[in-house]
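**Q** In terms of our numbering, the first sequence has 400 at position 388, counting the first letter as 1, and numbering is strictly consecutive. First the structure, which I've put down as structure tokens, then a few questions once you've had a look.
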Amino acid sequence: MTQNFYITTTLPYVNGEPHLGFATEIIRADILARHFRTRGGKVFFNTGTDEHGQKLFLKAQEQGISVKELVDQGSQRFKDFADTLNISYDAFVRTTNKTHMRAAQKFWEVCDENGYIYKKNYQTKYCIGCELEKQDSDLEEGEQGLQCPIHPHMNIEIIDEENYFFAFSKFEDQLLELYAKDEGLVVPDFRQNEIESFVKGGLQDFSISRLKEKMSWGIPVPGDDEHVMYVWFDALVNYISILGWDIGQSMFDLYWKEGETFQICGKDNLRQQSAMWQAMLIAVGLPHTDKVYINGFINGPDGKKMSKSLGNTVAVDYILDIYGVDALRYFTARHVNNHEDTNFSIEIFHEAYQANLVNGIGNLTNRILQMSSSYGVEPVMRPESQYNNEALDSYDFNGMMNAVFKLVGEMDQFITDEAPFKKVKTDPEAAAQDLQKLLGQLWQVAEMIKPVMPDTYIKMVDALAKNEKPEEPLFPRIEISK
RNA sequence: CGCGGAGUGGAGAAAUGGUAUCUCGGGAGGCUCAUAACCUCCAGAAGUUGGUUCGAUUCCAACCUCCGCAACCA
């Protein structure tokens, strides 16, 4: 397969700290990007930050800085995060970039020309206490109807305003057709079923603008000075704005039209990515995404949702600090369930690290290279075309890693069974042969883990080339204090 | 009857219409090349109740329990 491959994460909203969930998403995207590059295809890997909307506007006011300053900081934080995780992105889009804003406006115009945007009255609920608009889900049922949980004694005001709407409801049939295609759209299939039944249940048009006088931090609606775009509408366009869709850049044809397009997101984004965004693409006459991959959530050890009070953002820093990037990348590929939720605790992480990286790959590398160097075995060169991670072609991260550790286990067993460390005393020839075989297999391990653990790959290649065990263990043993 | 997901040894996962596999943890032994690592063996499991079947963990039905979502949290 030498097809062009376009891959993108969702854009995290800069109003927050990078957390484990997003780390999972971006690491997995990176693994696939590296995988397809290694396979010889052209890859375009997009990520970035979502930077408009009311929350940011209010937060900047609160902190007494300009919104621009706030989003610059936030965006940088996510970019640093991506760099720390060794993410090989080709583009980092910011939705406040001029090029993106221009594309979003063009997208709006085409949608409008095609008759999918209209204006209508919209009722919002507003809590005077918070001075914020509220969704029904933000409110709770009280004695006098809905009330704000923070200000239960204040009434909720109903505000009428005119907004622009996107005619989502017109795309029901076309979306269902898209899901019904042989190759499907959503991975895994149970998520596809979920979105399908959601769409079958009927779609409601959604609001895509906000009054500028109330909230100015957004992209101006073309031809209407009083409105700015609602963040979602603007943010989704990033997937093609980065390719220069609006100015007819060849990148767009190369990747979006002719390439295989792949989006990865958390399960909370199922609707936005696999229904709303797909409808928007149809509305402007563009090809839909080829695959939308849905991750589960990372939960706390008790299976409950992680919250800020549990400090999972601290956990990411802590993990990187103690265990290193490759360990986190490893965990993401192997121990975070492909599609279901995963319970996380530092103990679970530690166990995985110790058992498989320290005792597994790290120890195996040492024992093989120790023997091969001290017995004077000829180094084995990098084999031709050893790269074969079939499981990754079908986005099976868990399966791919299991294949690696199956091989590692077989190698450990081979050493015990054949005992080259004994043979070397009686039949050095045979011992050398055993080690040649093991070195070849170690190469294979290195090639397999390359997209997942790029730093470790380099260390292993280096050690294999020198035919000496690494000066520092690949994965140092870490004592955990409980 | 709002929608969806999940229930497998102490923990986490996998496969499968016919001896249920792997990792961690527990027990016993082996080895000495290696990071107190590695190998072998042992104990220990299918939420409940029905149905289909020669036979079900697997297919079907009902029920129970847990979890997520219900339109701006990956």
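Every residue, glycine too, gets a C-beta built ideally from N, C-alpha and C.
State yes or no: is the C-beta of Gln204 within less than 8 Å of the C-beta of Leu215?
**A** no
**Q** What residue range does the alpha helix (DSSP H) around Ser385 cover?
**A** If you look at Ser385, you'll find it in the alpha helix (DSSP H) that goes 375–386.
**Q** Take Thr36 and list the residues in its own chain whose beta-carbon comes closer than 7 Å to its own, dropping the five residues that flank it on each side.
**A** Asn307, Ile310, Thr344, Val348
**Q** Which residues does DSSP list as the beta-bridge partners of Phe177?
**A** Tyr130, Ser219
**Q** In angstroms with no decimal places, state the Cα-to-Cα distance between Trp120 and Asn350.
**A** Whole-angstrom Cα-Cα distance: 35 Å.
**Q** Whose CA, out of Ile220, Tyr251, Arg89, lies closest to the CA of Tyr242?
**A** Ile220
**Q** Thinking Leu447 and Tyr387 are a contact (beta carbons under 8 Å), I'd like their distance in whole angstroms, please.
**A** Confirmed, Cβ separation roughly 7 Å.
**Q** Return the residue from the list Leu451, Trp268, Gly33 that minimises the CA-CA distance to Tyr18.
**A** Trp268
**Q** How is the beta strand (DSSP E) around Gln284 delimited, first residue to last?
**A** No beta strand (DSSP E) holds Gln284; DSSP gives it neither H nor E.
**Q** By the three-class DSSP mapping on this structure, what secondary structure does Phe69 have?
**A** helix
**Q** Rounded to a whole number of angstroms, what is the C-alpha to C-alpha distance between Asn400 and Leu369?
**A** Taking the straight line from one Cα to the other gives about 21 Å.
**Q** For Ser87, is the classification buried or exposed, using 16 other Cβ atoms within 10 angstroms of its Cβ as the cut-off for buried?
**A** buried
**Q** Relative to the C-alpha of Tyr130, which residue among Trp455, Phe177, Glu483 is closest?
**A** Phe177
**Q** Would the segment 32–47 count as touching the segment 463–483 if we require 3 or more Cβ pairs under 8 Å?
**A** yes
**Q** Less than 7 Å between C-beta atoms, sequence neighbours within five positions excluded: which residues of the same chain meet that for Asp424?
**A** Correct list, in chain order: Leu376.
**Q** So what's Tyr399 in DSSP terms, helix, strand or just coil?
**A** coil
**Q** Using the Cα positions of Arg89 and Tyr101, report the straight-line distance between them to the nearest angstrom.
**A** 15 Å
**Q** Going by beta-carbon coordinates alone, are Ser253 and Val240 separated by less than 8 Å?
**A** No, Cβ-Cβ distance for Ser253 and Val240 is not below 8 Å.
**Q** Taking Ala103 as part of the beta strand (DSSP E), name the residues at either end of that continuous run.
**A** 103–106
**Q** Among the residues of its own chain, which have a CB less than 6 Å from the CB of Thr273, if the five just before and after it don't count?
**A** Tyr18, Thr301, Asp302
**Q** Measuring CB to CB, does Gly60 end up less than 8 Å from Asn250?
**A** yes
**Q** Please determine, among Ser286, Lys71, Gln15, the residue with the shortest C-alpha to C-alpha distance to Lys54.
**A** The candidate whose alpha carbon is nearest that of Lys54 is Gln15.
**Q** Could you give the DSSP three-state label for Phe205: helix, strand or coil?
**A** Residue 205 is actually Asn in this sequence, not Phe. Helix.
**Q** Hey, Tyr330 and Tyr365 are a contact pair by Cβ (cut 8 Å); roughly how many whole angstroms apart?
**A** At roughly 13 Å, the Cβ-Cβ gap does not stay under 8 Å, so Tyr330 and Tyr365 are not in contact.
**Q** Rounded to whole angstroms, what is the Cα-Cα separation between Lys434 and Glu459?
**A** 29 Å
**Q** Among the residues of its own chain, which have a CB less than 7 Å from the CB of Phe202, if the five just before and after it don't count?
**A** none
**Q** Could you tell me which residues DSSP puts in a beta bridge with Gly278?
**A** Asn307
**Q** Helix, strand or coil, according to DSSP, for Ile490 in the structure here?
**A** Under the three-state reduction of DSSP, Ile490 is assigned to coil, being neither helix nor strand.
**Q** Assign Phe426 to one of three DSSP states: helix, strand, or coil.
**A** helix
**Q** Counting C-beta neighbours from all protein chains within 10 Å, is the total for Lys481 16 or more, i.e. buried, or is it exposed?
**A** buried
**Q** Quick one: Cα of Glu81 to Cα of Arg394, how far?
**A** 49 Å
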